[in-house]
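Enquirer: Handing you a structure now.
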DNA sequence: ATGAAAGCGCTAACAT
DNA sequence: ATGTTAGCGCTTTCAT
């Protein structure tokens, strides 16, 4: 290409990357030559030389879970805006596959890794190791270790929004359904649930805490056990995920429990379908676009940081989206929104 | 690393890539050294040398559309099984963004590109250009040009399954709802719809063909215009996509049209939520796993092919999944399945 | 079976 | 403002 333009390799490089001033006419000649040859540069060679690939790896527990689909979409947009590419990895909720994916991303010299780890304890070793070698920030689910960077939603605040709203609309008892306690989302949401129900004087029985999976099937089973009439029924079911809540709604329909009259139900994540199920689902929205852009920002900061520095934790404000599975409240409050 | 093991760089390379026989003891020493140093190789350097990156780029119109989410998931699995990584790109239904994404993937020297192009005509130039430079196979939506490789479902056969089933259950008229005619899925499904309704003697009025977008909102609007009582009503609505069908179902609910008693509705793609809407949606399932593995196979074949060779087209068999939005048929047939 | 040396395509000193 | 040169980390001849 340089030959075609009649200049040296380095001049051509300078034109293509605009890294140094080049004579206007020379530059034009180079650009023309590049166009004629359809030359666009080889980013592999550039990456080798600059030890920067302009790629980011992302690892999620399941791309099929609509919340993560949304997060992936947000990341893809944010990266595209910066001219970077996204390596997408699905760990299938398996820490071993997750470790392989991390290994592969490191080997490919990604500029950073964004991950929602699948297991609070079993994901730890691979995660730490990866974080030692490259900028790494966790999204949503968190695994704690010294220096860990994390961005997510304030789960305690989310539970406060949900429970205060329910309380104001007259609800005095609540059940909680989530996945097993192997991830931070479940533990922090449960902690928030416990704290705020107690503070508000709402009744919670131990049989009303049901921990299974983040899935519709799971939610349906949980709903069934909660509503089968063999024990006292709560006035509301707070779910740690919209899929679970949709499952609970199915159980309600099957068992003839009227929502929201006999039972109020809330979800979490505000996935697209929350607005389309019947009755439509009240949920807590997470600011995924914001999470993605903060994550990219943190990756850049992390590149120029000392290893002994403390990790950064960014808790973003959740937003309560009111729909038909909850009754109208006595009065409105901050952070709520009726659609 | 080679130093640490006390061998030459080339010997170390031979051990790590198992490219040539190496003395057992030497090999062991190299492996130990690699372990101790946590050395795993630099795939950028390898890629530069071998001009093979073990990466595949995938471009879809919208990752948020559940059908493409499923396709991405299938591709990710298939690639992981072969030790390759996936560059995920979302073209946001925009041919210009799509062209940028293709350009970026080419520059990154991907081993192949898998794409579902967003626009039958406006995607063509960039697609052709990319296909000239690297193996490229189209999935689902097709753009025609000489030598184009494509894998998808047999849309005519899908329409045959749907319409013959409806006909057997007594339906004698049908409407069709899809996106605008800017992609092959719509045109081929519509062609199949026309052919089979005619063959079976089913009534189709021109006002019953509604073309908008692949979205729930769109489907709801289409449903509304079809059912608002201002014209004759079809006995069934065949949708080119599950999102559209879900929208039509919402319109039915709002207008008090009972499904399937007064109106039968079918979707396309068999997304997860098809099973969870009420009433649950009869749909045509696409074999996404099969599509992904065939796509990877084609990419490999394409790498060692002459430019003047004709393109390969693989039409896979669709599968009709019967649920509650269609009435029970008089009798069962091949290719159908009740869940 | 092992080592020495060249080179993939690029960029960043270092000249001029 | 432009050219010359070295080298990123690997694989692959070509020797031995």
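Residue numbers (our numbering), protein chains in the order written: chain P, 1 to 339; chain U, 340 to 678.
Idealized CB from N, CA, C, for every residue including glycine.
Once the 5 residues before and after residue 498 of chain U are set aside, which same chain residues still bring their CB inside 7 Å of it?
Expert: 528, 531, 532 and 535
Enquirer: My guess is that residue 400 of chain U and residue 455 of chain U are in contact by the Cβ rule of under 8 Å, so how many angstroms apart are they, rounded?
Expert: 6 Å
Enquirer: Going by beta-carbon coordinates alone, are residue 224 of chain P and residue 180 of chain P separated by less than 8 Å?
Expert: no
Enquirer: So which of P:247, P:111 and P:176 has the shortest CA-CA distance to residue 235 of chain P?
Expert: P:176
Enquirer: Taking residue 107 of chain P as the query, report the chain U residues whose CB atoms sit under 8 Å from its CB, ordered along the chain.
Expert: Against chain U, a Cβ distance below 8 Å from residue 107 of chain P picks out 379, 380, 381 and 382.
Enquirer: Going by DSSP, which residues form a beta bridge with residue 426 of chain U?
Expert: P:87 and U:396
Enquirer: Classify residue 152 of chain P: buried if its beta carbon has 16 or more other beta carbons within 10 angstroms, exposed otherwise.
Expert: Counting the other Cβ atoms within 10 Å of the Cβ of residue 152 of chain P gives 16 or more, which makes it buried.
Enquirer: Any idea if residue 670 of chain U is buried or exposed, counting beta-carbon neighbours within 10 angstroms, 16 or more meaning buried?
Expert: With a pLDDT of 44 at residue 670 of chain U, under the threshold of 50, the predicted position of this residue should be treated as unreliable, and no value is reported.
Enquirer: Between the beta-carbon of residue 604 of chain U and the beta-carbon of residue 588 of chain U, is there less than 8 Å?
Expert: Yes. Within cutoff.
Enquirer: Taking all protein chains shown into account, do 16 or more other C-beta atoms lie within 10 angstroms of the C-beta of residue 35 of chain P, making it buried, or fewer, making it exposed?
Expert: The residue is exposed, with fewer than 16 neighbouring Cβ atoms inside 10 Å.
Enquirer: Compare the C-beta of residue 420 of chain U with all C-beta atoms of chain P and state if any pair is closer than 8 Å.
Expert: no
Enquirer: Taking Cβ-Cβ distances shorter than 8 Å, what residues in chain P pair up with residue 415 of chain U?
Expert: 63, 88, 89 and 90
Enquirer: From residue 650 of chain U to residue 494 of chain U, what does the alpha carbon distance come to, in whole angstroms?
Expert: Computed Cα separation, rounded: 19 Å.
Enquirer: Using Cβ-Cβ distances below 9 Å, what residues of the stretch 581-593 of chain U are close to chain P?
Expert: 585, 586, 589 and 592
Enquirer: Since I believe residue 453 of chain U is in contact with residue 427 of chain U (beta carbons under 8 Å), could you give me their beta-carbon distance rounded to a whole number of angstroms?
Expert: So it is not a contact: roughly 10 Å between Cβ atoms.
Enquirer: Is residue 334 of chain P close to chain U, meaning its C-beta is less than 8 Å from at least one C-beta of that chain?
Expert: Here the model assigns residue 334 of chain P a pLDDT of 47, short of 50, so the residue's position is not dependable and the matter cannot be decided.
Enquirer: Quick check: what's the CA-CA separation for residue 141 of chain P versus residue 19 of chain P?
Expert: Cα-Cα distance, rounded: 40 Å.
Enquirer: Would you check if there are 3 or more beta carbon pairs closer than 8 Å linking the stretch 131-138 of chain P to the stretch 90-100 of chain P?
Expert: no
Enquirer: DSSP has residue 265 of chain P in a bridge; who is on the other side?
Expert: P:237
Enquirer: State yes or no: is the beta carbon of residue 412 of chain U nearer than 8 Å to at least one beta carbon in chain P?
Expert: With respect to chain P, the C-beta atom of residue 412 of chain U has a partner C-beta closer than 8 Å.
Enquirer: Which class does residue 137 of chain P belong to by DSSP, given the choice of helix, strand or coil?
Expert: strand
Enquirer: In the stretch 95-155 of chain P, which residue ranges form an unbroken alpha helix (DSSP H) of at least 4 residues, counting only runs that do not cross its ends?
Expert: 95-107 and 124-133
Enquirer: Just to confirm, are residue 458 of chain U and residue 521 of chain U a CB contact at a threshold of 8 Å?
Expert: yes
Enquirer: Count the other CB atoms, across all protein chains shown, that sit within 10 Å of the CB of residue 350 of chain U; report buried if there are 16 or more and exposed otherwise.
Expert: buried
Enquirer: Consider the Cβ of residue 341 of chain U: report whether some Cβ of chain P lies at a distance smaller than 8 Å.
Expert: Under the Cβ distance rule, residue 341 of chain U does not count among the residues neighbouring chain P, no pair being separated by less than 8 Å.
Enquirer: Below 8 Å, can you find three or more Cβ-Cβ pairs linking the stretch 368-384 of chain U to the stretch 99-108 of chain P?
Expert: yes
Enquirer: With a cut-off of 8 Å on the beta carbons, I'd call residue 30 of chain P and residue 112 of chain P a contact; round off their distance for me.
Expert: No, residue 30 of chain P and residue 112 of chain P are not in contact; Cβ-Cβ is about 32 Å, not under 8 Å.
Enquirer: My guess is that residue 606 of chain U and residue 581 of chain U are in contact by the Cβ rule of under 8 Å, so how many angstroms apart are they, rounded?
Expert: Their Cβ separation, rounded to whole angstroms, is 4 Å, which keeps residue 606 of chain U and residue 581 of chain U in contact under 8 Å.
Enquirer: In terms of residues, what are the limits of the beta strand (DSSP E) holding residue 667 of chain U?
Expert: Note, residue 667 of chain U: premise wrong, no beta strand (DSSP E); not H, not E.
Enquirer: Under a Cβ-count criterion, where at least 16 other Cβ atoms within 10 Å of its own Cβ denotes burial, should residue 133 of chain P be classed as buried or exposed?
Expert: exposed
Enquirer: Give me whichever residues DSSP pairs with residue 502 of chain U in a beta bridge.
Expert: Per DSSP, none; premise fails for residue 502 of chain U.
Enquirer: Which residues mark the beginning and the end of the alpha helix (DSSP H) in which residue 46 of chain P is found?
Expert: 43-50
Enquirer: Just reading off the alpha helix (DSSP H) that residue 246 of chain P is part of, what are its end residues?
Expert: 242-255
Enquirer: Quick check on the burial criterion: 16 or more other C-beta atoms within 10 angstroms. Buried or exposed for residue 424 of chain U?
Expert: Residue burial annotation: residue 424 of chain U is buried, with at least 16 other C-beta atoms found within 10 angstroms of its C-beta.
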